[in-house]
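Below: one structure, written as structure tokens.
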Amino acid sequence: MSEGESRQPLKFTRPPAGRRAETPLWAKWALSIGVVVVLLVALIIYVDHHNTDDSNGQPLTAKALEEQNQEATILQQQDQTPVVFKLAAGAVAVHAAEHAVHIDMSQRLNHNEAGPPLKAASCHATTTAGARHGFSCKVLSGGVYFDFVAVIDAPARQLILCKRDPPPIPSETVPLDARCRP
Numbered sequence: 039m040s041e042g043e044s045r046q047p048l049k050f051t052r053p054p055a056g057r058r059a060e061t062p063l064w065a066k067w068a069l070s071i072g073v074v075v076v077l078l079v080a081l082i083i084y085v086d087h088h089n090t091d092d093s094n095g096q097p098l099t100a101k102a103l104e105e106q107n108q109e110a111t112i113l114q115q116q117d118q119t120p121v122v123f124k125l126a127a128g129a130v131a132v133h134a135a136e137h138a139v140h141i142d143m144s145q146r147l148n149h150n151e152a153g154p155p156l157k158a159a160s161c162h163a164t165t166t167a168g169a170r171h172g173f174s175c176k177v178l179s180g181g182v183y184f185d186f187v188a189v190i191d192a193p194a195r196q197l198i199l200c201k202r203d204p205p206p207i208p209s210e211t212v213p214l215d216a217r218c219r220p
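For the sequence shown, our numbering begins at 39 and goes up steadily by one.
So, in structure tokens, the structure goes:
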């Protein structure tokens with residue numbers, strides 16, 4: 039110290055009146071996280087109350103549900119429309135049915151109505167009525183089993199194939215075309 043300087047005692051002072059002490063860093067973090075959590079919960083509640091299950095965002099009426107079910111039934115009937123194949127001379131019936139299922143499923147794959155991979159079809163005889171022989175067939179495609187009914191009309195040398203879909207409503211039944219019944 040120099041000669042002219044005198045020693046003064048240290049004084050501890052309080053912050054000026056009206057000024058707050060600074061908030062600790064942990065409190066700032068806790069407050070920020072709390073605000074984010076509250077906003078996130080509010081957003082979830084808002085979306086939950088303003089969301090519907092209908093793709094158009096409109097609530098479904100009983101009539102609209104009935105129309106959708108009718109449309110689904112029509113589409114299913116179109117999906118089950120019989121496909122007629124010419125039966126080769128000397129063809130083994132069960133192999134012809136399996137081949138017809140494979141051809142039909144290949145076309146469905148090409149039209150994106152089923153997913154790959156396509157496994158081999160398996161058919162077994164069900165009923166016979168005169169010269170008409172019925173078969174039930176299953177094939178696995180894209181992890182989903184598809185059911186078919188095949189009828190071989192020996193005198194006409196035709197194989198009639200129908201895809202069998204489950205009904206859109208379990209209590210309803212969608213009958214197969216008469217040509218798909220032996």
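No residue lacks a Cβ here, since even glycine has one placed at the ideal position from N, Cα and C. These figures come from a predicted structure and were not determined experimentally.
**Prompt:** Is Gln196 helix, strand or coil when you go by DSSP?
**Reply:** Reduced to three states, the DSSP call for Gln196 is strand.
**Collapsed DSSP secondary structure at Ile207 in the structure displayed** = Ile207 falls in the coil class under three-state DSSP.
**Request:** Starting from Arg45, follow the beta strand (DSSP E) in both directions and report where the run begins and ends.
**Result:** Neither: Arg45 is in no beta strand (DSSP E) and is coded neither H nor E.
**N-terminal and C-terminal residue of the beta strand (DSSP E) that Gln128 is part of** = The question names Gln, yet the displayed sequence has Gly at residue 128. Careful: Gly128 lies outside any beta strand (DSSP E) and carries neither H nor E.
**Item:** the region 147–158 contacting the region 119–130, beta-carbon criterion three pairs below 8 Å
**Value:** The region 147–158 makes no contact with the region 119–130: fewer than 3 CB pairs, one atom from each, lie closer than 8 Å.
**Message:** Does Ala65 come out as helix, strand or coil in the three-state DSSP assignment?
**Reply:** Here Ala65 sits in helix by DSSP.
**Request:** Let me know if Pro220 comes out buried or exposed under the rule of 16 or more other beta-carbons within 10 Å of its beta-carbon.
**Result:** Under this definition Pro220 is a buried residue.
**Message:** Can you tell me which residues form a DSSP beta bridge with Leu156?
**Reply:** In the DSSP output, where bridge partners are listed per residue, Leu156 has Ser179.
**Prompt:** Taking DSSP as the reference, what is the three-state secondary structure of Gly172?
**Reply:** Collapsing the DSSP output to three states places Gly172 in a strand.
**Request:** Kindly confirm or deny that the region 186–201 and the region 160–174 touch, where touching means at least three C-beta pairs closer than 8 Å.
**Result:** Yes: the two stretches touch, three or more of their Cβ pairs being nearer than 8 Å.
**Request:** Indicate whether the contact test is met: 3 or more Cβ pairs, each with one atom in the region 195–202 and one in the region 128–140, closer than 8 Å.
**Result:** By the Cβ rule, the region 195–202 counts as touching the region 128–140, because three or more pairs are nearer than 8 Å.
**Burial state of Val79 (16 or more Cβ within 10 Å)** = Counting the other Cβ atoms within 10 Å of the Cβ of Val79 gives fewer than 16, which makes it exposed.
**Request:** Report the partner residues of Arg202 according to the DSSP bridge assignment.
**Result:** In the DSSP output, where bridge partners are listed per residue, Arg202 has Asp185.
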